[in-house]
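Protein chains in written order, with our numbering: chain A, 1 to 395; chain B, 1 to 395; chain C, 1 to 352; chain D, 1 to 352.
I have placed the structure first, in the form of structure tokens, so that the comments after it can refer back to it.
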Amino acid sequence: MDLSFSDKEIAFRDEVRAFLQTELPAHISDAVRKGGESSKELIEEWHAILSKKGWLATTWPKEFGGPGWTPVQRHIFEEECCRAYAPRIVPFGVNMLGPVIQAFGNDQQKAEVLPRILSGEDWWCQGYSEPGAGSDLASLKTRAVRDGDDYIINGQKTWTTLGQHANKIFCLVRTKADGKPQEGISFILVDLETPGIEMRPIKLIEGGHEVNEVFFTDVRVPAENLVGEENQGWTIAKYLLTHERTNIANVGFSMQALEEVKALARKVIRNGRPLIENPHFAARIAEVEVDLEAMKITNLRMLYQAQKQGAPGPETSMLKIKGTVIRQALNDLARRALGPAAAPFPSEMLEGNMALAPANHANEAASYFNNRKLSIFGGSNEIQRNIMTKAVLEL
Amino acid sequence: MDLSFSDKEIAFRDEVRAFLQTELPAHISDAVRKGGESSKELIEEWHAILSKKGWLATTWPKEFGGPGWTPVQRHIFEEECCRAYAPRIVPFGVNMLGPVIQAFGNDQQKAEVLPRILSGEDWWCQGYSEPGAGSDLASLKTRAVRDGDDYIINGQKTWTTLGQHANKIFCLVRTKADGKPQEGISFILVDLETPGIEMRPIKLIEGGHEVNEVFFTDVRVPAENLVGEENQGWTIAKYLLTHERTNIANVGFSMQALEEVKALARKVIRNGRPLIENPHFAARIAEVEVDLEAMKITNLRMLYQAQKQGAPGPETSMLKIKGTVIRQALNDLARRALGPAAAPFPSEMLEGNMALAPANHANEAASYFNNRKLSIFGGSNEIQRNIMTKAVLEL
Amino acid sequence: MDFSLTEDRQMLSDTLNRYLAEQYPAEHRIKVAYDAPFHDATKWAELAELGVLGALAPENVGGFGGAGFDITVVFEALGRAMCPEPMLGTLMASRLLAAAGEDQEALLDGSARYAVAIGEIEAPYELDHIATTATGETLSGRKSCVYGGNVADVLLVAARNGDDLSLYAVQAADAQITGYGLIDGGGAAEVMLDATPARLILQDAKAALEDALDAGALALCAEAVGLMDVTNAMLLDYLRQRKQFGRNIGSFQALQHRCADLAIEIEQARSITIFAASRLEQPDRARAVSMAKNLIGRAAKLVAEESTQMHGGIGMTWEYPGSHYTKRLVMLDHQLGDTDFHLERVMRLGAA
Amino acid sequence: MDFSLTEDRQMLSDTLNRYLAEQYPAEHRIKVAYDAPFHDATKWAELAELGVLGALAPENVGGFGGAGFDITVVFEALGRAMCPEPMLGTLMASRLLAAAGEDQEALLDGSARYAVAIGEIEAPYELDHIATTATGETLSGRKSCVYGGNVADVLLVAARNGDDLSLYAVQAADAQITGYGLIDGGGAAEVMLDATPARLILQDAKAALEDALDAGALALCAEAVGLMDVTNAMLLDYLRQRKQFGRNIGSFQALQHRCADLAIEIEQARSITIFAASRLEQPDRARAVSMAKNLIGRAAKLVAEESTQMHGGIGMTWEYPGSHYTKRLVMLDHQLGDTDFHLERVMRLGAA
């Protein structure tokens with residue numbers, strides 16, 4: 001048993017830390033610290049900085065332009081990025097499509113798609129969910145019908161995150177109507193400039209715009225845009241799901257959130273004392289802190305297993321469930337800590353000497369509401385419990 | 001809206017209170033206060049006192065020797081009995097079999113069975129559950145085969161509460177093997193002296209003996225002991241279930257338990273101060289107290305509905321669930337409050353100046369473990385949620 | 001013992017529910033709730049005509065209600081409609097004016113809007129640490145998150161006055177008021193007082209302020225009950241209709257059992273609100289109201305979070321009315337004392 | 001980073017688990033656990049021979065272990081078997097003797113049984129309010145619920161000695177000892193000291209006592225992990241086999257999802273125990289151990305209560321071994337500081 005990183009890993013951590021200290025611009029980390037959505041410009045600026053260093057596509061092997069890191073290195077990198085308030089890397093191109101193209105794409109696709117992800121020329125978004133196919137993804141209805149050298153796509157996708165910034169979308173589409181629903185699905189790449197595509201914003205509960213609906217009406221896509229074989233889409237989606245699941249616990253973000261909520265509770269005055277001195281509020285924080293400390297180790301244990309066995313197992317469902325529960329609990333505490341000061345909307349209404357909340361904390365209520373999504377998307381916590389029932393509990 | 005009792009009801013409450021003050025012997029209430037099981041002798045002594053007053057069979061109409069009380073009067077009576085630390089009336093004869101005989105029994109059964117319940121000559125126990133038929137009662141297998149003027153019973157019953165004190169048992173038995181399982185069940189009365197019956201104790205988790213297994217081997221029972229028609233047993237069981245469900249919230253017992261845990265937390269010293277001054281423990285108590293205060297009103301609201309509509313509805317499942325959750329939470333607090341002093345076993349090991357726990361609190365751990373049964377028996381809380389799903393939520 | 005409403009209250013409840021369903025439907029509500037001035041003056045006048053304001057005050061000051069159950073009937077209906085109108089401040093102001101022996105005809109006929117300015121940024125829920133101070137006939141300090149302060153004509157302000165906590169009437173025009181909207185809808189204001197002219201209306205106002213705060217907390221509890229009933233009905237409807245894996249998701253037992261627990265907590269919330277309403281004029285008012293607000297805080301959060309979770313994505317969208325119920329249910333806990341504040345108050349007040 | 005055991009520890013773990021499964025099966029455990037003297041001297045000697053005692057102490061005092069992960073390996077195995085032998089006192093005594101520079105050969109070879117008497121009835125978990133007092137070479141006071149005190153040859157007693165908290169060795173024969181059994185099995189004793197002869201072995205013993213208490217708490221955490229693993233396996237087996245309504249009850253989704261949550265909490269419990277074990281010789285030991293004991297207290301109660309509930313009646317019976325696991329899991333929280341005590345300690349110790 002040895003919970004510490006190796007000397008090599010510590011050296012790597014120091015290298016990452018030094019890089020972030022010098023290369024992460026203050027106006028970017030300030031924006032992250034403030035909460036809410038990062039603008040397209042800030043994200044692209046940060047992606048470009050990482051790409052230049054060769055650290056954007058953290059999961060890619062060296063042959064495709066990735067850094068060839070171990071899972072532990074990736075974990076260290078992500079934790080340090082959180083500590084430094086770097087923006088989260090938008091995953092759709094680098095962490096989702098990239099590995100799919102590397103595993104299932106043909107040479108031409110590898111040559112065309114991968115470099116444009118690294119360079120930032122393409123911003124990919126995801127066309128998976130549909131209004132009638134959320135948790136039950138296999139029931140998706142968007143059709144792609146072969147017509148000569150093209151597919152013609154009709155249907156509707158939804159929950160397309162940051163689609164408003166994207167120029168490309170990868171989609172799961174139905175290419176066979178009969179047989180088991182899983183068997184008739186294909187994975188296809190679509191340029192969002194193609195005629196017949198309409199993207200409409202979905203306004204979220206807290207008022208933000210980060211997801212979209214995408215409507216496809218007779219959209220003609222070259223057949224060469226198919227990834228893998230026709231009707232192989234479900235296999236690809238499952239493969240992608242396992243890639244999506246590394247660092248699923250988001251421990252780094254929760255550690256950041258814990259420090260923020262503690263700082264907040266030291267600043268907020270309640271009943272003539274800092275809120276942190278209230279035994280009940282302090283106990284609420286301490287309990288989450290204990291859970292998070294355990295989560296850190298659970299996460300490392302599963303990372304260790306993944307590193308030994310090659311791929312994360314179904315136990316990662318645990319990381320998803322408990323990771324979101326902890327993060328949401330921290331959002332909840334930050335909101336509570338503010339009392340009435342959490343209420344102004346939009347939060348920028350009251351700034352400067354009019355501000356009710358301490359600096360960088362005006363968005364706590366919005367974050368709380370927005371982060372209810374964490375336990376819903378990417379396989380809801382209910383779906384994760386179903387997965388655990390079969391694969392871990394064997395019930 | 002009027003939450004208070006009427007003048008008449010208050011006068012009744014005072015009458016009950018006065019009765020308890022003069023007629024409930026101190027050695028009986030002392031034993032109840034101490035926790036653990038009451039002896040057969042104490043229970044019979046108390047039943048006799050109540051019977052003499054005409055207050056034993058609180059749910060019976062006057063024509064059968066009951067007091068003819070309203071649901072509110074019964075509620076008041078039960079609450080006052082709790083306050084006074086009277087033993088709980090053993091329900092199997094008076095509250096379960098009595099109403100069944102009144103509704104389904106023939107004149108001979110009414111004449112023979114009912115007076116002997118009131119007089120205490122008969123101590124009835126219940127033969128419902130079987131090793132393979134707990135929550136799924138309809139799958140019971142104990143057979144009663146007609147043979148001339150008799151039924152011959154073979155099978156096994158379990159969880160027979162206080163069967164060791166009983167001389168009679170009422171059973172659900174299978175009288176028809178085919179058709180829907182519910183349709184082949186009958187309700188029959190059996191004298192425990194009949195040859196072929198063996199009762200074996202089941203020792204419970206905390207070491208106590210309150211339930212039993214009952215084995216039937218070729219037990220010959222007169223056919224006249226059948227209550228209602230052959231194969232009408234399921235209807236009778238369901239009828240009985242609704243009777244069992246009045247005062248299912250056990251608010252009186254929880255109020256008693258709350259006062260006990262507060263008294264205990266005032267006596268226990270932790271870190272140089274009474275435990276009640278510890279903000280975390282005090283908050284635990286206060287939260288349950290709030291829930292119980294709400295439960296009192298929920299209980300009265302449903303009592304009011306039952307009084308208006310004649311019978312309790314499926315909403316009583318809520319009372320069962322929340323009532324047991326609250327009571328178990330109070331047991332949990334009492335156990336916690338004692339720290340190591342909760343551990344000695346048997347608790348009578350340390351008495352007098354050797355005692356670790358304050359007087360009357362030596363049994364808190366045993367009570368905690370024993371009362372885990374509350375959410376399991378009488379229709380587990382899971383079964384109650386299933387009932388609510390259909391009848392209340394309409395899902 | 002009688003858990004039915006009096007005929008008068010039942011009529012008020014029916015009338016108000018019908019009026020709001022017809023005249024204040026979700027689309028209208030969302031428009032008013034998030035756009036300045038967060039208030040519909042026409043509807044306000046109509047509500048006053050319907051007798052909603054009068055129901056909040058007793059006869060001796062010109063109303064025809066004012067008891068705990070009058071308050072709960074009105075606010076439960078407002079909750080069902082998520083009505084963002086500044087009724088809470090009106091209720092609290094009415095009680096303060098009554099305590100001060102001030103005329104409140106203009107309040108009750110709806111022609112003047114009152115807001116109550118008690119909380120401050122470092123003392124949002126409690127009276128002991130109020131920093132706003134009176135000097136002669138003027139006040140200085142800052143009152144934060146004054147609900148309805150953005151549209152008020154008159155502010156009733158709590159301020160330190162020597163050893164007393166006193167109550168003052170301030171004309172809105174005399175103060176520096178910054179109005180803003182709230183994340184769960186409706187408007188509030190920051191009120192900056194800088195030697196602002198003020199009229200002393202009650203010298204020792206502590207008891208009156210506590211009464212007003214408790215009446216307000218009771219109103220919030222009733223509002224939450226209305227909100228929870230609608231939220232739960234929407235959730236159950238959704239579970240009956242939404243299909244995944246070829247089945248209504250309401251047929252999944254894991255969700256069924258969670259819904260059963262929600263139904264229980266909603267009944268508990270209703271019960272404790274009835275309890276608090278019955279104690280509003282009794283010596284144990286504070287403890288009863290704090291019990292209610294504590295339980296409501298827990299139940300409302302549970303119902304909101306579980307409803308969002310079981311709805312899945314749709315419950316996260318602005319377009320779905322349920323998301324606004326969710327926000328209101330959660331943010332209610334930020335008004336007039338949160339779950340922890342009220343549990344501590346229950347502990348402090350001990351046995352009744 | 002390496003989450004596998006060293007070869008030596010893996011071997012110890014395998015040996016001990018095999019020995020206990022074969023020599024200390026549930027029936028034997030239940031007999032020993034609830035019948036005086038709550039101790040099997042033959043098995044104790046065998047455990048000593050297997051090296052279990054030696055694994056608890058470092059080489060410089062005659063053992064071959066004593067690190068956090070040695071402790072967790074031993075106690076996790078003891079937990080799996082619900083072994084009621086007085087190993088906890090042995091561990092704590094070994095650390096105290098080491099701090100005092102006392103010989104502990106007799107402890108490590110199993111020939112002398114030690115118990116540690118720190119807690120008192122009004123100070124069960126903390127050192128600040130110990131009332132037992134030294135006068136010269138004697139002690140007076142009462143030590144409560146001394147685990148293993150019923151079979152101890154020597155007691156290590158914490159007592160006030162002027163301004164110091166000191167540690168004394170008391171021969172069991174010199175004290176008035178009342179032994180008794182515990183509801184979750186095993187034995188303890190009340191130790192009455194009345195000018196009882198005692199030998200001062202450590203003048204300022206506070207740091208050593210805290211170290212021993214923390215090592216003991218860590219051992220309890222590991223024991224709980226072993227108990228939870230077995231309890232969970234029994235539950236899942238039961239759910240796979242028990243039929244109601246014509247189906248395995250493990251096919252009911254409401255139970256499945258609760259089992260998923262249990263599995264998560266058990267992994268969290270394992271993780272925090274690993275964490276605490278890794279910090280046992282570090283400056284943040286106290287905070288890490290208190291974090292672990294707090295989480296274990298919550299997880300163990302959840303696992304125990306949910307397991308009982310999902311088992312239904314059978315889990316309530318003495319005959320079913322699972323019920324004894326349940327009791328031990330719950331009563332662990334009554335030893336060496338409960339959930340609340342350790343959360344308060346985490347709060348007091350603040351950030352590491």
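A virtual CB, placed ideally from N, CA and C, is assigned to each residue, including glycine.
Three-state secondary structure (DSSP) of residue i
i	result
A:ASP14	helix
D:GLU344	helix
A:TYR151	strand
D:THR133	strand
C:ALA352	Note on C:ALA352: pLDDT 42, under 50, position unreliable in the model; the coordinate value appears next. C:ALA352: coil per DSSP, three-state reduction.
D:THR273	helix
C:ALA380	The structure shown does not extend to residue 380 of chain C, since chain C spans only 1 to 352, so no value can be given for it.
B:ILE276	helix
A:GLU198	strand
C:TYR34	helix
D:SER140	strand
D:MET1	coil
Opening and closing residue of the alpha helix (DSSP H) in which residue i lies
i	result
B:PHE377	Counting along the chain, B:PHE377 falls outside any alpha helix (DSSP H), and DSSP gives it neither H nor E.
B:PRO71	71–83
C:ARG9	7–23
B:GLN328	316–338
C:GLU223	206–241
Chain B residues whose Cβ lies nearer than 7 Å to that of residue i
i	result
C:GLU267	THR298, MET318
Residue range of the unbroken beta strand (DSSP E) whose run includes residue i
i	result
B:TRP414	In the structure as shown, chain B starts at 1 and stops at 395, and residue 414 of chain B therefore has no counterpart that could be examined.
D:ASP164	164–171
B:HIS209	209–222
C:GLN176	176–182
B:ILE117	Unbroken run through B:ILE117 is the alpha helix (DSSP H), 107–119; no beta strand (DSSP E).
C:GLY354	Residue coverage of chain C in this structure runs from 1 to 352, which leaves residue 354 of chain C outside it and unanswerable.
Contacts of residue i in chain A (Cβ-Cβ under 8 Å)
i	result
C:MET331	ALA342, ALA343, ALA365
Residue i: contacting residues in chain A (beta-carbon distance under 9 Å)
i	result
C:LYS327	ILE205, GLU206, ALA365, PHE369
Where residue i meets chain D, residues with beta-carbon distance less than 8 Å
i	result
B:LEU400	For chain B, the structure presents residues 1 to 395; residue 400 of chain B sits outside this window and is missing.
Legend entry - Interfacial residues, the region 173–205 of chain C to chain A, with Cβ spacing under 8 Å: Of all residues in the region 173–205 of chain C, only THR178, TYR180, GLY181, LEU182, ILE183, ASP184, ALA188, GLU190 place a beta-carbon less than 8 Å from a beta-carbon of chain A.
Legend entry - Where the region 374–386 of chain B meets chain D: residues whose CB sits under 9 Å from a CB there: Within the region 374–386 of chain B, the residues whose Cβ lies closer than 9 Å to some Cβ of chain D are SER375, ILE376, PHE377, SER380, ASN381, GLU382, ARG385, ASN386, listed in chain order.
Legend entry - Residues within the region 250–284 of chain B neighbouring chain A, beta-carbon criterion of under 8 Å: Residues of the region 250–284 of chain B with a C-beta atom less than 8 Å from some C-beta of chain A are PRO279, HIS280, ALA283, listed in chain order.
Inset, instruction - For the region 234–254 of chain C, enumerate the residues whose C-beta is nearer than 8 Å to any C-beta of chain D, in chain order. - result: So the close ones are PHE252, GLN253, ALA254.
Inset, instruction - Select from the region 257–281 of chain D all residues with a C-beta closer than 8 Å to any C-beta belonging to chain C, and list them in chain order. - result: Flagged, chain order: HIS257.
Inset, instruction - Give, in chain order, every residue of the region 117–145 of chain C whose Cβ lies closer than 9 Å to some Cβ of chain A. - result: Per Cβ criterion, the list reads GLY119, ILE121, GLU122, ALA123, PRO124, TYR125, GLU126, ASP128, HIS129, SER144, CYS145.
Inset, instruction - Closer than 8 Å, Cβ to Cβ, to anything on chain D: give me those residues from the region 46–71 of chain A, in chain order. - result: Those residues of the region 46–71 of chain A that come within reach of chain D (Cβ to Cβ, closer than 8 Å) do not exist; the list is empty.
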